[in-house]
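Residue numbers (our numbering), protein chains in the order written: chain W, 29 to 435; chain S, 29 to 435.
Protein chains: 2
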Amino acid sequence: MALIVQKYGGTSVGTIERILAVAEKVKRHRDQGNQVVVVVSAMSGETNRLIALASEIDETNDPREMDMLVSTGEQVTIALLSMALQKLGCPARSYTGGQVHILTDSAYSKARIRDIDGARVKADLEAGRVVVIAGFQGIDEHGHITTLGRGGSDTTAVAMAAALKADECQIYTDVDGVYTTDPRVEPKARRLERITFEEMLEMASLGSKVLQIRSVEFAGKYNVPLRVLSSFEEGEGTLITFEDERMEQAKISGIAFNRDEAKLTIRGVPDQPGVAFKILGPISDQNIEVDMIVQNIAADTSTTDFTFTVNRGDFKRAKAILENTAQELNAQEALADDKIVKISLVGVGMRSHAGIASTMFEALAKEGINIRMISTSEIKISVVVDEKYLELGVRTLHEAFNLEEAS
Amino acid sequence: MALIVQKYGGTSVGTIERILAVAEKVKRHRDQGNQVVVVVSAMSGETNRLIALASEIDETNDPREMDMLVSTGEQVTIALLSMALQKLGCPARSYTGGQVHILTDSAYSKARIRDIDGARVKADLEAGRVVVIAGFQGIDEHGHITTLGRGGSDTTAVAMAAALKADECQIYTDVDGVYTTDPRVEPKARRLERITFEEMLEMASLGSKVLQIRSVEFAGKYNVPLRVLSSFEEGEGTLITFEDERMEQAKISGIAFNRDEAKLTIRGVPDQPGVAFKILGPISDQNIEVDMIVQNIAADTSTTDFTFTVNRGDFKRAKAILENTAQELNAQEALADDKIVKISLVGVGMRSHAGIASTMFEALAKEGINIRMISTSEIKISVVVDEKYLELGVRTLHEAFNLEEAS
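Shown next as structure tokens:
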């Protein structure tokens, strides 16, 4: 008998018909002898309906009252799902975040979970019930209702799994797992049976939007085995697990990409201590997040070239700031390019296998794809290329590393 | 400075526009130097929307889960009203029933309030905030969400007023007060400035649906001055108060009526001890509530005639039971009539004024209205007459007791 925490998002519970389908799925797991805790989001559209009501009052409203308002969305779903389970003859009981003591800080609309008391849930599980919990919400130490921000229901599920020491936390989504890359770009993309937490973090942060990055971090921190599955199809999904559980490492697990970046370069800056701070300080002062950073010695060796990428939405502001900085630092020129993309190879196998980078660069060169920027981490190599090369680059690398075949 | 608890029903908060209007009204009371607690219902239509969702799952659902579901309706309103108040520059904070410890028993969908801890509300009032509380809901001792059943928001308001020792509990409705009788039947009906709790109880139980009877009982029990006012018009409404506060008693405060009754008679029952129980026992066994009961010695003095009224919805079932009983008791016959109405004079002044009954009977007789049944209590005289005489009977009595003029 296993203890499973399942999470179903808004689309999966978007209609009464779908709620009944989820109930069937939950019941099947319970009938197999498992204890099941279900975390659900608001029915799709409901949160937006509530936000629209509030915006009729004022453009921005008190975050405390917004959390009071939108937390009703999940409360509706837990009641309906419990009724659906009971209709199928499956004992069930629903709880709001507050009722199962999902204690958070007081940062309304983006609260972080501090503690969960699993005792009540355990008692219900022991009594043979399925426990249905409202995702995305908690209470602070004063009993005020808080919400966890975007993707919060995933975080609730993982935190609940950690608190209950669950055997598995299953996240049901509209995709049937994590793929080697986006199948819309490379039709040969293959579903991974397993992926490590570290790889998943890199994939998620690089734009593979299957899971919220916070919930993955959380699962990794508390050693909660996480599985991504489809709400609508049967299948094993992808298990996100710990590195040492895999007998043999694949060199590369997948290829992530991000179309949402822009590149900024300052050339010929007199190279002196503190130059990096002088360039990036004004950028971060404006709350612009910087992703890749590369610095090279320039041709004349007394100056340096400095390149970084930002979110495309921040491009214009960043460009203006950098042009100003270039003047102040007496740099040769400031360059800006928002027609670029980032492509990244991700794989924990990289650590122990040499030659990954050279294979990557060689494959791209063969197709005439010029690399504008390179950045590496322990389990990832990212390159920036011209936007037009995105699809070709992804498919080239997918083939070069033989990702269509299971390792 | 007074402490006022105000309650606004679903129609009063049915749209964002109306919520903003309520906020204006609340703010005005606060600007006059009062501390204000507001209790609100779900936006009109919302509770029915939620119930419809549940009925898509099953015809009847677990009452615990129904309470979990429908209690979200009020939670939405409290958040929106708090935002509206804040928009007007009025500090406000919303609380669910559970958050302000409205402790109830565990009778889901019809829970009764056991206790309220007013400390949290008082602290907010002291801090200058308007406190907005979800009506109709509480939590039981295990922290499960309960609802109070129909009219529950009135009860919440009164209970909160009692717990806070408020100076007045104001119930805002779609009528501007309690009238001497229904203005749709007698256009000369007059709004009462004051009415006693006892009279209000009789008026409410006789079909004047201004306030839920439970909230009136509650207010009487805890000496909470209650005022009924209009949400949509300005005015003083009607204050429901304690008898001894009135200098001079009106003889009669109002005329209530009830179209929803049916009359059943068993004639010529051998008169012996226990006959009343033998007749009514089988009726109450079927959970049919009996209202008026009259027993007379029949013409031959060895048998008795026994008449009672039931809700019209129970008429057919009651009739069948009574016909069976008539046979068993060897009665002469069972008679049934669902074309009757009850008209009642209500007034605490009746206690000390003789001749009320004879004035009543005389006035009805003059108009040729035959009285089918009479029943009296300390502050009420009820007669049953043929349905067709309802309007004529009410108007006749309204004039006979000079109710269009303030006493």
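Glycine is no exception: its CB is placed at the ideal position from the N, C-alpha and C atoms. Since the structure is predicted, the reported quantities are computational estimates derived from the model, not experimental observations.
DSSP, reduced to helix, strand and coil, places Glu289/S within a strand of the structure shown. In this model, Asn339/S and Val322/S are separated by some 16 Å (Cα to Cα).
Rounded to the nearest whole angstrom, the C-alpha separation of Val369/S and Met401/S is 10 Å. Counting along the chain, the unbroken beta strand (DSSP E) around Leu257/S starts and ends at Leu254 to Ser258. Where Gln103/S is concerned, the enclosing alpha helix (DSSP H) starts and stops at Pro91 to Lys115. C-alpha of Thr100/W to C-alpha of Lys306/W: approximately 47 Å in a straight line.
Residue pairing of Asn339/S in beta bridges, as defined by DSSP: Glu289/S. When the Cα atoms are used, Ile384/W and Thr224/W turn out to be separated by approximately 18 Å.
Check the Cα spacing between Asp288/S and each of Ile144/S, Leu425/S, Leu418/S and Gly177/S: the tightest is with Leu418/S.
Taking 8 Å as the upper bound on Cβ-Cβ separation, chain S lies near residues Leu78, Leu81, Ala82, Glu84, Ile85, Asp86, Asn89 and Asp90 of the segment 61 to 91 of chain W.
Nearest to Thr184/W by C-alpha distance, out of Val206/W, Thr209/W and Asp145/W, is Asp145/W. If you check the CB distance, Asp299/S and Thr332/S come in under 8 Å. At a cut-off of 8 Å between beta carbons, Gln360/S makes no contact with chain W. Residue contact check for Ile130/W against chain S: no CB pair falls below 8 Å.
Between the alpha carbons of Gly180/W and Gly163/W lies a distance of about 7 Å. Taking all protein chains shown into account, Glu93/S has 16 or more neighbouring C-beta atoms within 10 Å of its C-beta and is therefore buried. Below the 7 Å Cβ cutoff, chain W contributes no neighbours of Ile144/S, its closest Cβ being approximately 15 Å away. Rounded to whole angstroms, the gap between the alpha carbons of Asp365/W and Asn398/W is 15 Å. Its chain contains Glu230 as the residues whose beta carbon lies nearer than 8 Å to that of Ser405/W, once the 5 sequence neighbours on both sides are disregarded; these appear in chain order.
Here the alpha carbons of Asp182/S and Glu214/S stand approximately 27 Å from one another.
Taken through DSSP and simplified to helix, strand or coil, Ser40/S comes out as coil. In chain order, Thr208, Thr209, Glu214, Lys216, Ala217, Ile283 and Glu432 place their CB closer than 8 Å to the CB of His426/W, counting only its own chain and leaving out the 5 sequence neighbours on each side. Between the segment 156 to 176 of chain S and the segment 118 to 125 of chain S there are three or more inter-stretch CB-CB distances shorter than 8 Å, so the stretches are counted as touching.
Considered as a whole, the segment 185 to 248 of chain S harbours 225 to 233 as its complete alpha helix (DSSP H) runs of no fewer than 4 residues, in chain order. Assignment of Phe334/S by DSSP, reduced to helix, strand and coil, places it in the strand class. Residue contact with chain W for Gln165/S: absent (no Cβ-Cβ distance below 8 Å to any residue of chain W).
Considering only beta carbons, the part of the segment 114 to 128 of chain S lying closer than 9 Å to chain W consists of Gln114, Lys115, Ala120, Arg121, Ser122, Tyr123, Thr124, Gly126 and Gln127, in chain order. Judged by DSSP secondary structure, Met388/S falls within the alpha helix (DSSP H) whose first and last residues are Ile384 to Lys394. Residue ranges of uninterrupted beta strand (DSSP E) with 3 or more members, entirely inside the segment 51 to 75 of chain S and ordered along the chain, are 63 to 68. Sequence-ordered contacts of the segment 89 to 108 of chain S with chain W read Asn89, Asp90, Arg92, Glu93, Met94, Asp95, Met96, Leu97, Val98, Ser99, Thr100, Gly101, Gln103, Val104, Ile106, Ala107 and Leu108 [C-beta pairs closer than 9 Å].
Here the segment 44 to 57 of chain S lies against the segment 102 to 112 of chain S, with 3 or more beta-carbon pairs under 8 Å apart.
In the DSSP assignment, Asp152/S falls within the alpha helix (DSSP H) that extends over Ala147 to Glu154.
When Cβ-Cβ separations below 8 Å define contact, Met188/W makes no contact with chain S. Beta-carbon to beta-carbon, Val206/W and Leu220/W are separated by about 5 Å, close enough to satisfy the 8 Å threshold. The C-alpha of Phe285/W is placed about 14 Å away from the C-alpha of Ser403/W.
Membership of Thr424/W in the alpha helix (DSSP H) is indicated by the continuous run Leu418 to Ala428.
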